[in-house]
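Here the structure comes first, spelled out in structure tokens, and everything after it is commentary.
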Amino acid sequence: MGCSATDIAEALRSAAAVIDEHRDELVELDREIGDGDHGENMKRGFTAVLSTLDTAVPDTPGAVLKVAATTLISKVGGAAGPLYGTAFLRAATALGDRSELDAADVATALRAALEGVQARGKAEQGDKTMVDALVPAVAAVEAAKGGSVAEVLAAAADAADEGARSTVDLVARKGRASYLGERSAGHLDPGARSTALLVRSFAEAAK
Amino acid sequence: MGCSATDIAEALRSAAAVIDEHRDELVELDREIGDGDHGENMKRGFTAVLSTLDTAVPDTPGAVLKVAATTLISKVGGAAGPLYGTAFLRAATALGDRSELDAADVATALRAALEGVQARGKAEQGDKTMVDALVPAVAAVEAAKGGSVAEVLAAAADAADEGARSTVDLVARKGRASYLGERSAGHLDPGARSTALLVRSFAEAAK
Amino acid sequence: MKKIINDPAAVVAESLRGLALAHADLLRVQEDPAVVVRADAPLPGKVAVISGGGSGHEPLHGGFVGPGMLHAAVPGEVFTSPTPDAVQAAVSATTGEAGALLIVKNYTGDVLNFETAAELAAADGQDVRSVVIDDDVAVADSTFTAGRRGVGGTVLLEKLTGAAAERGDSLDQVEALARKIVGQVRSMGVALTAPTVPHVGEPSFTLAEDEIEFGIGIHGEPGRERIPAESADALVRRLLSAVTEDLPFERGDEVLLFTNSMGGTPQLELYLAHGIAERLLAERGITVRRRLVGPYVTSLEMQGISLTLMKLDDELIELWDAPVRTAALRWGV
Amino acid sequence: MKKIINDPAAVVAESLRGLALAHADLLRVQEDPAVVVRADAPLPGKVAVISGGGSGHEPLHGGFVGPGMLHAAVPGEVFTSPTPDAVQAAVSATTGEAGALLIVKNYTGDVLNFETAAELAAADGQDVRSVVIDDDVAVADSTFTAGRRGVGGTVLLEKLTGAAAERGDSLDQVEALARKIVGQVRSMGVALTAPTVPHVGEPSFTLAEDEIEFGIGIHGEPGRERIPAESADALVRRLLSAVTEDLPFERGDEVLLFTNSMGGTPQLELYLAHGIAERLLAERGITVRRRLVGPYVTSLEMQGISLTLMKLDDELIELWDAPVRTAALRWGV
Ligand SMILES: Nc1ncnc2c1ncn2[C@@H]1O[C@H](COP(=O)(O)OP(=O)(O)O)[C@@H](O)[C@H]1O
Ligand SMILES: Nc1ncnc2c1ncn2[C@@H]1O[C@H](COP(=O)(O)OP(=O)(O)O)[C@@H](O)[C@H]1O
Ligand SMILES: [Mg+2]
Ligand SMILES: [Mg+2]
Ligand SMILES: [Mg+2]
Ligand SMILES: [Mg+2]
Chain A
1 MGCSATDIAE
11 ALRSAAAVID
21 EHRDELVELD
31 REIGDGDHGE
41 NMKRGFTAVL
51 STLDTAVPDT
61 PGAVLKVAAT
71 TLISKVGGAA
81 GPLYGTAFLR
91 AATALGDRSE
101 LDAADVATAL
111 RAALEGVQAR
121 GKAEQGDKTM
131 VDALVPAVAA
141 VEAAKGGSVA
151 EVLAAAADAA
161 DEGARSTVDL
171 VARKGRASYL
181 GERSAGHLDP
191 GARSTALLVR
201 SFAEAAK
Chain B
1 MGCSATDIAE
11 ALRSAAAVID
21 EHRDELVELD
31 REIGDGDHGE
41 NMKRGFTAVL
51 STLDTAVPDT
61 PGAVLKVAAT
71 TLISKVGGAA
81 GPLYGTAFLR
91 AATALGDRSE
101 LDAADVATAL
111 RAALEGVQAR
121 GKAEQGDKTM
131 VDALVPAVAA
141 VEAAKGGSVA
151 EVLAAAADAA
161 DEGARSTVDL
171 VARKGRASYL
181 GERSAGHLDP
191 GARSTALLVR
201 SFAEAAK
Chain C
1 MKKIINDPAA
11 VVAESLRGLA
21 LAHADLLRVQ
31 EDPAVVVRAD
41 APLPGKVAVI
51 SGGGSGHEPL
61 HGGFVGPGML
71 HAAVPGEVFT
81 SPTPDAVQAA
91 VSATTGEAGA
101 LLIVKNYTGD
111 VLNFETAAEL
121 AAADGQDVRS
131 VVIDDDVAVA
141 DSTFTAGRRG
151 VGGTVLLEKL
161 TGAAAERGDS
171 LDQVEALARK
181 IVGQVRSMGV
191 ALTAPTVPHV
201 GEPSFTLAED
211 EIEFGIGIHG
221 EPGRERIPAE
231 SADALVRRLL
241 SAVTEDLPFE
251 RGDEVLLFTN
261 SMGGTPQLEL
271 YLAHGIAERL
281 LAERGITVRR
291 RLVGPYVTSL
301 EMQGISLTLM
311 KLDDELIELW
321 DAPVRTAALR
331 WGV
Chain D
1 MKKIINDPAA
11 VVAESLRGLA
21 LAHADLLRVQ
31 EDPAVVVRAD
41 APLPGKVAVI
51 SGGGSGHEPL
61 HGGFVGPGML
71 HAAVPGEVFT
81 SPTPDAVQAA
91 VSATTGEAGA
101 LLIVKNYTGD
111 VLNFETAAEL
121 AAADGQDVRS
131 VVIDDDVAVA
141 DSTFTAGRRG
151 VGGTVLLEKL
161 TGAAAERGDS
171 LDQVEALARK
181 IVGQVRSMGV
191 ALTAPTVPHV
201 GEPSFTLAED
211 EIEFGIGIHG
221 EPGRERIPAE
231 SADALVRRLL
241 SAVTEDLPFE
251 RGDEVLLFTN
261 SMGGTPQLEL
271 YLAHGIAERL
281 LAERGITVRR
291 RLVGPYVTSL
301 EMQGISLTLM
311 KLDDELIELW
321 DAPVRTAALR
331 WGV
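Which chain is which? The protein sequence lines are A, B, C and D, in order.
The working numbering puts the first residue of the first sequence at 1, with every later residue one more than the last.
The working numbering puts the first residue of the second sequence at 1, with every later residue one more than the last.
The working numbering puts the first residue of the third sequence at 1, with every later residue one more than the last.
The working numbering puts the first residue of the fourth sequence at 1, with every later residue one more than the last.
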């Protein structure tokens, strides 16, 4: 893709499809170490994003991400809702009114998203949350800054996958899984998994 | 046995032991077509009869049966409590102040018991209740009136067993099992079973 | 069986101890025989309204003891009718010149034990009447069988007769009111799971993952038929049709709708079912003037619900709205 | 999964419809976003007390909307915190010059969503404060973790702040009261069985026939440890010790004891547990001045109980005794 508002909207549509496809997996992951609603929450949120975009697609990437953000905030609920909402909102704000994004913009947006999640959720890397998928994704994008949007996002997706997988061995210190203490180890964090899925779907859309 | 007040008390004690032994069986039978309390109710009642008799044994068979009756009425509860209570009470009344019982007295007492159960519970033979064990028991005693107390009670016990078994094929028309309608067929009636156990324990005590 | 109990044989006695401590302002508990008595009983000049039955249906009946409702409740062992001496103790603790009304659910055991108690009270010269409630349309009514069971309607009967007694109605009046109510209240229930009686230790019956017991009683006695699980819309329609067709309840009728949880059904589902029932009644032109929603006649942890309809008139509405102050039901005070 | 529902995604909305029909005298339900509002709101001059959280804990919070308690409740999807716009809608429907207090249970999702809503309200020039309740001693408290959860204490907090708002306390006063209460209320729970979330379709966790989950949360989150089932005496002692040791509660203290059912536990067992808790407290020289027993903070059909203790003083007793008229809690009116 190039990276116009329409492309971002397209990427969000494919993200919605991916979340829908993985809804049961995310429910199951959250059932194991949380309360089982992550898949349903994300699906409700992205389904709403779809219909928002069906009504009208704003004319800058930032504006598209902003309507996605407010939709997620008002539809997802739970911990993931405000966290993803903030991530998209900060990314949108970071992009300002640019109308075509390059790899550097992707880096800016992704870092802003990560900072937003951490500002709200206070989680550090290693706490077994979505932060563990986001941190390596941002690092990968920043390292690969020379490439195309498609290339940096592909690198980010690989890193996010890796980061998500790393949560399996961790003991949760934030979110609902933290109540499990030691018993949270041995399970993939649902939010890290959904982050990896989202980054991957953006990378696929950018191809 | 002869058949003095002490003998009747002894018979009641062995009846209590038999009920205790069969408590779980009666619970299970009642669970299948009722509410699962028959074994517990009977056990509670006969345990109380035991301690009543430990305090003092009245001096006529009728008086012994009467304290058993009032104890059962105040301890068993459910349908079986008033029914067995009435049975013992009517038997006691029928025996008046006789001090030694013969086979004819046994017949009189047993018929009075049956009439009491029917007066209270309004069940006919074939309704799948304790009446189905009692009716043949009374008939057997009356037919064998010439024999000893031990002999007539043995005949009664066989007939009661047979009568209880006959309830398996019946559809209940009285008591809680009647709510099952056709589904009550194929199960032994718990009250008929406990009646058969009681008559058998009296017969054994009379040997 | 996992339960929060000690000795299965002592469950009722221990639970009553907790009830007494929790609600000392409303009631006291007499032991051996166990009776729950209104704290301010006896009430001179007022008819005593007494009910009772096997335990395991809480808050029925102990949770309804207090001003405006029951004067005493007689709890039997779990699912086992209480004995006549316990009923007599309740009568002694509450009944004066004005007499007493015994509210008896139609089960062989309850009827026989309360009947015996009433006879004994009569022999003592007390004016004690009993009324048998048999509102469960799941069971075909016939004089050759045990007849219909008393279920959800019992709560309404206890509330309304309690209110009548509280305002000073005579025993004749309270008894006539009770008979009128019995004539115009009907219920139907369904179970999704079975209860487990403490002294039994295993569930009273077994339902497959996709089966429900339609027409269930409140002792885990089986119902009319075992049917496949279905949507709330379909199920509520099925329950309601059974109830409305029985009396029948017809277009233009004004009713009280009581949506009851059998104990284990979450409130989320209960209100959902209630909403459907209200909608269906509106469609049929039956006006819901009063409603009650909650776990009031339960069967231990059984999941399921029952629907009860009662025809209303101005007198019944006035009695329903009258103040009541009990552990489980309170308003107007 | 057997449940009395239609579409799993519509459970909350459909249930709220039933709630609205059942309690039109107390509350109204706004749709999309879903908010339960006191029928007579807004109340000029009075601080609005608002709470909310995931559904599945009924009667929390909607069952506590009414005079003397909550002005609005914001129900999220099952076990999912509501979104900021829903909280904002509750604020708009209830809040005037006197401002509002948001009561937030300490879960990451609830805190984040309510925080966002409070920021938005502040931006609109409204005086909206929030207080986070975290009374569950099962979870070790630490700033490096999500911290302790809000459980049974929430009901007490809602009742007491609701009473303070009703008598006309200022927002400063209601907020200070709330913080004081949070400082002196502690809870601990246990589960015997798991709840099943409608959209998940299977139980949240699996316990063997002889296992219980000690220190359970109210979302089927696991607890402190899985232990063998034990007698009610032992279990209640274990729960109570965890609670009393935490604050600590000591000889001479006067407390409110709240014995809560998680939903599926029969009332028979609940009062039994309550009786034991009262006895144990008496043994420890802690005086129970007020009590609450019932299913007030539930986790769908989960079997289990929690014990909550709150230190009392004359002010809190007065506020506790003040009239309250809601679907689930009423007295004095
Ligand atoms: N403080 C936090 N910081 C970052 N991510 C978090 C935090 N708390 C929870 N999460 C993420 O949210 C996910 C759970 O989301 P979800 O199930 O939708 O919310 P809830 O826990 O409220 O049910 C977790 O798997 C974790 O990745
Ligand atoms: N009307 C009746 N006449 C005679 N026996 C009856 C009648 N009703 C019930 N029974 C007997 O009582 C037995 C059940 O007793 P029990 O379980 O103790 O009482 P409940 O049914 O009240 O739980 C039945 O198995 C049946 O034999
Ligand atoms: Mg979750
Ligand atoms: Mg029985
Ligand atoms: Mg019984
Ligand atoms: Mg959640």
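Virtual Cβ for every residue (Gly too), placed ideally from N, Cα, C.
The structure displayed is predicted, hence computed values, not measured ones.
Item	Value
I need the residues with a C-beta less than 6 Å from some heavy atom of ligand 5; please give them in chain order.	Asp35/B, Asp37/B, Gly78/B, Gly54/C, Phe79/C, Thr80/C, Gly109/C
To be precise: take each residue of the segment 294 to 314 of chain D, compare its Cβ to all Cβ atoms of chain A, and keep it if any distance is under 9 Å. Which residues remain?	none
Buried or exposed for Phe144/D, please, with buried defined as at least 16 other CB atoms from any protein chain shown within 10 angstroms of its CB.	exposed
Below 9 Å on C-beta distance, what does Glu221/C contact in chain B?	Ile33, Gly34, Asp35, Arg176, Ala177, Tyr179, Leu180
Check whether the Cβ atoms of Ala242/C and Met188/C sit closer than 8 Å, and answer yes or no.	yes
Would you please state the rounded distance, in angstroms, between the beta carbons of Ser74/B and Pro84/C? I believe it to be under 8 Å.	7 Å
Under three-state DSSP, which class holds Ala103/B?	helix
In three-state DSSP terms, what is Met1/B?	Unreliable positioning characterises Met1/B in this predicted model, as indicated by a pLDDT of 48, which lies under 50. The coordinate reading is nonetheless provided below. Coil, per DSSP.
Taking Leu197/B as the reference, which of His22/B, Glu10/B, Cys3/B has the closest Cα?	His22/B
Name the DSSP bridge partner or partners of Lys145/A?	Partner(s): none; Lys145/A has no beta bridge.
What span of residues does the alpha helix (DSSP H) with Phe114/D cover, start to end?	108 to 123
Using DSSP bridges, identify the partner residues of Leu134/A.	Per DSSP, none; premise fails for Leu134/A.
Measuring alpha carbon to alpha carbon, tell me which residue in Ser299/D, Gly263/D, Gly68/D is nearest Leu157/D.	Gly68/D
For Val151/C and Leu101/D, what's the separation of their Cα atoms in angstroms?	43 Å
As a quick exercise: from Gly85/A, Val141/A, Leu29/A, Lys145/A, pick the residue whose alpha carbon is nearest that of Val49/A.	Gly85/A
Between which two residues does the beta strand (DSSP E) holding Arg289/C run?	287 to 294
Can you tell me whether Lys145/B is buried or exposed, with buried defined as 16 or more other CB within 10 angstroms of its CB?	exposed
Using beta carbons (cut-off 8 Å, strictly below), is Glu202/C in contact with chain F?	Here the protein chains are A, B, C and D, and chain F is not one of them.
Look up Asp7/B in the DSSP assignment and say whether it is helix, strand or coil.	helix
Mapping the DSSP letters down to three states, classify Gln303/D as helix, strand or coil.	coil
Answer yes or no: does any C-beta atom of chain B fall closer than 8 Å to that of Glu175/C?	no
Taking Thr71/A as part of the alpha helix (DSSP H), name the residues at either end of that continuous run.	61 to 75
Quick one: does the C-beta of Gly150/D sit closer than 7 Å to a heavy atom of ligand 1?	no
Just the chain D side, please: which residues come within less than 7 Å of Lys66/A by C-beta, in chain order?	Result: empty, since nearest Cβ-Cβ is about 15 Å, beyond 7 Å.
Go ahead and pull the three-state DSSP assignment for Glu221/C.	coil
DSSP on Ile191/D, reduced to helix/strand/coil?	First, the residue type needs correcting, since residue 191/D is Ala and not Ile in the sequence shown. Looking at Ala191/D - three-state DSSP - the assignment turns out to be strand.
Using DSSP's beta-bridge definition, name the partner residues of Glu213/D.	Ala191/D, Arg226/D
Quick one: list the residues of chain D neighbouring Gly264/C, beta-carbon separation under 7 Å, in chain order.	Gly264, Glu301
Does the CB of Asn6/D have a neighbour CB from chain A at under 8 Å?	no
Within a Cβ cutoff of 8 Å, which residues of the same chain sit near Asp169/B, ignoring the five residues on either side of it in sequence?	Ala185, Gly186
Under the criterion of a Cβ to heavy atom distance below 7 Å, does Arg30/B qualify as lining ligand 4?	Before going on, a small fix: residue 30/B reads as Asp here, not Arg. Yes - ligand 4 has a heavy atom lying nearer than 7 Å to the Cβ of Asp30/B.
Closer than 8 Å, CB to CB, is Leu197/B near chain C or not?	no
Going along chain D in order, which residues have a C-beta closer than 7 Å to the C-beta of Pro59/C?	Gln267
Comparing alpha-carbon positions, which option in Val91/C, Thr206/C, Pro82/C, Ala273/C lies nearest Asp124/C?	Val91/C
Arg193/A: beta carbon under 7 Å from a heavy atom of ligand 3?	no
Judging by CA-CA distance, which residue of Ser261/C, Gly76/C, Leu21/C is the nearest neighbour of Ala10/C?	Gly76/C
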